[in-house]
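Asker:
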Amino acid sequence: DKRTIEKFEKEAAELGKGSFKYAWVLDKLKAERERGITIDIALWKFETPKFYVTVIDAPGHRDFIKNMITGTSQADCAILIIAAGTGEFEAGISKDGQTREHALLAFTLGVKQLIVAINKMDTTKWSEARYQEIIKETSSFIKKVGYNPKTVPFVPISGFNGDNMLAASANCPWYKGWNKETKAGSSTGKTLLEAIDAIETPKRPTEKPLRLPLQDVYKIGGIGTVPVGRIETGVLKPGMVVTFAPANVTTEVKSVEMHHEQLTEGLPGDNVGFNVKNVSVKDIRRGNVAGDSKNDPPLGCASFTAQVIVLNHPGQIGAGYAPVLDCHTAHIACKFAEIQEKIDRRTGKSVEANPKFVKSGDACIVKMIPSKPMCVEAFTDYPPLG
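Numbering (the UniProt record's numbering) for the sequence shown: 1 to 386.
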């Protein structure tokens with residue numbers, strides 16, 4: 001809202017970051033404000049004519065890839081913001097630019113819908129030639145990543161001035177609007193808001209067994225232990241008996257709440273807190289997964305097979321390499337026990353059996369051994385946990 005933006009504008013100007021205007025509204029955390037970049041996954045809600053939208057603000061700085069993994073894997077659609085400024089666009093899509101890395105991560109994490117917003121068009125004086133150049137380059141690079149450009153709306157915007165954000169801008173008479181074609185049909189529009197309203201709603205997996213990765217566990221006076229997280233699959237109801245893996249703790253759910261309101265049931269996509277009986281805060285932690293004790297409860301695993309894409313790594317990677325793995329909310333070092341095959345990233349077909357090493361750009365199938373028990377699932381059964 002305008003008042004909030006004006007208040008933040010003043011603060012931003014005082015800190016000398018006046019041009020971060022809209023980002024500023026999303027950066028509510030003080031630490032972030034002083035750094036002038038977007039850390040943590042800021043959950044920010046707004047309404048469109050059609051949807052309630054939660055923005056999982058995925059940060060645009062390299063050291064936050066970990067947060068981006070937890071954030072992006074929960075998204076229904078990614079909005080790739082591309083800066084149109086001279087040099088800025090080129091840097092972002094260069095071989096190790098962040099635009100490329102974020103698009104690849106979004107696709108790899110299963111975010112199948114994409115919107116591309118070409119930002120800072122005011123700095124190019126709304127040049128149609130520059131816009132066309134950027135669209136051409138961007139189409140070719142998102143195609144390489146795995147997206148089909150025909151299904152992607154491209155919108156020229158100025159976030160700072162608000163052009164084409166909520167209302168069509170008079171600054172680009174040459175712009176005839178965006179269009180996208182998907183299996184569900186084709187749609188057209190002018191603004192970013194309309195592009196958001198054209199997102200296809202995914203089917204929520206309520207019929208699957210419950211999986212709820214914990215983001216935090218709180219101890220609340222007079223109530224007790226309250227785990228918090230987003231329901232990925234299934235339904236959570238008061239009275240259910242849940243099991244936490246890999247902690248192997250089973251207990252009854254006393255109540256479920258969201259936005260400080262009691263729920264009779266929590267559904268996939270809901271960020272909930274729930275109160276559990278006779279469990280201490282020490283027994284369960286972030287990265288544990290809650291499930292229904294009577295319906296395919298989650299389990300910790302001692303090893304698993306993973307498809308690995310090497311985005312950016314200085315040398316070769318062989319067996320014995322032990323990076324930290326981020327999966328749902330878990331953050332655990334896992335060892336490459338053996339590299340079983342190298343595969344083509346787009347088709348998944350094997351191109352080499354038992355390679356000694358892999359390097360940047362390679363995709364492979366690897367047997368992983370976590371340094372402590374970890375709850376992961378087959379991607380085919382529970383995509384958000386695989």
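Note that the Cβ used here is the ideal one computed from N, Cα and C, for glycine as well.
1) Please report the residue range of the alpha helix (DSSP H) in which S139 lies.
2) Give the DSSP-derived three-state secondary structure of H102 in the structure shown.
3) Taking 6 Å as the limit between beta carbons, can you name the residues of its chain near V145, skipping five residues before and five after?
4) Could you spell out where the alpha helix (DSSP H) holding L212 opens and where it closes?
5) How should F274 be labelled, buried or exposed, when 16 other C-beta atoms within 10 angstroms of its C-beta is the threshold for buried?
6) Using 8 Å as the threshold, is the C-beta distance between C364 and I339 below it?
7) In angstroms, rounded to a whole number, what distance separates the CA positions of K282 and A247?
8) To which residues of the same chain is I226 closer than 6 Å at the C-beta, ignoring the five residues directly before and after it?
9) Could you check the C-alpha separation between A353 and A198 for me, to the nearest Å?
10) Taking the C-alpha atoms as reference points, what is the distance between S280 and T264?
11) Going by DSSP, name the residue or residues bridged to R230.
12) When burial is assigned at 16 or more other CB atoms within 10 Å of the CB, is Y52 buried or exposed?
13) Assess contact between the segment 186-196 and the segment 291-309, defined as three or more Cβ pairs (one per stretch) separated by less than 8 Å. Is contact present?
14) Taking all protein chains shown into account, do 16 or more other C-beta atoms lie within 10 angstroms of the C-beta of T38, making it buried, or fewer, making it exposed?
15) Of all the beta strand (DSSP E) runs that stay within the bounds of the segment 281-355, which reach a length of 3 or more residues?
16) Out of curiosity, what's the CA-to-CA distance linking L212 and S169?
Answerer: A quick look at the data gives this:
1) E128 to V145 is the span of the alpha helix (DSSP H), which, as asked, contains S139.
2) helix
3) A103, L104 and F107.
4) L212 -> not in any alpha helix (DSSP H); beta strand (DSSP E) instead, spanning L212 to I220.
5) buried
6) In this structure, I339 lies closer than 8 Å to C364 by Cβ.
7) Rounded to the nearest angstrom, the two C-alpha atoms are 10 Å apart.
8) In the sequence as displayed, the identity of residue 226 is Val instead of Ile. Excluding residues within five positions, the ones whose Cβ falls inside 6 Å are Y218, I220, G273 and N275.
9) 43 Å
10) 24 Å
11) N271
12) exposed
13) no
14) Per-residue confidence for T38 stands at a pLDDT of 37, beneath the threshold of 50, marking its modelled position as unreliable; the derived number appears in the next sentence. So T38 counts as buried.
15) 289-292, 304-309, 324-327, 330-343 and 350-353
16) Between the C-alpha atoms of L212 and S169 there is a straight-line separation of about 43 Å.
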